[in-house]
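S.K.:
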Amino acid sequence: MFLLYEYDIFWAFLIISSAIPILAFLIYGVLAPIRKGPKKHSSYESVFVVFDVETVFLYPWAMSFDVLGVPVFMEAFILVLILIVGSVYAW
1 MFLLYEYDIF WAFLIISSAI PILAFLIYGV LAPIRKGPKK HSSYESVFVV FDVETVFLYP
61 WAMSFDVLGV PVFMEAFILV LILIVGSVYA W
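Residue numbers (the working numbering): 1 to 91.
1. Measure the CB-CB distance between residue 58 and residue 32 and report whether it falls below 8 Å.
2. Can you tell me which of 52, 65, 87 and 63 puts its alpha carbon nearest to the alpha carbon of residue 18?
3. Give the range of the alpha helix (DSSP H) segment to which residue 75 is assigned.
4. Could you check the C-alpha separation between residue 27 and residue 34 for me, to the nearest Å?
5. To the nearest angstrom, report how far apart residue 7 and residue 14 are at their CA atoms.
6. So the candidates are 85, 79, 56 and 36; which of them puts its Cα closest to the Cα of residue 21?
7. Following the continuous alpha helix (DSSP H) through residue 7, name the residue where it begins and the one where it ends.
Encoded structure:
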């Protein structure tokens, strides 16, 4: 049996999770109107993208929470806490 078969799901997830944000930015660049002004550079849009990408990383963790246990829960909690502190600072 091929030894790297177990990594097929990992590679598929990596490719899909990398392609979705890239496609979202490309579609946004093509379809969205061009805006100029101070609101364009507001932290709201940046925070939305950060939490959107965070969801991509937290979803696999949530699906295997019962296997991973409390230490990984603490790591995910720290990640969310860092992002919340950063968004409060930017606000």
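We put the beta carbon where it would ideally sit given N, CA and C, even for glycine.
M.R.: Reading off the structure:
1. Not closer than 8 Å, so no.
2. Looking at the Cα atoms, 52 is the closest of the given residues.
3. Boundaries of the alpha helix (DSSP H) harbouring residue 75: 70-90, taken from the DSSP string.
4. Answer to the nearest angstrom: the Cα atoms are 13 Å apart.
5. Inter-residue distance for residue 7 and residue 14 is about 10 Å (C-alpha atoms, whole angstroms).
6. Checking every option, the nearest Cα to that of residue 21 belongs to 56.
7. No alpha helix (DSSP H) holds residue 7; DSSP gives it neither H nor E.
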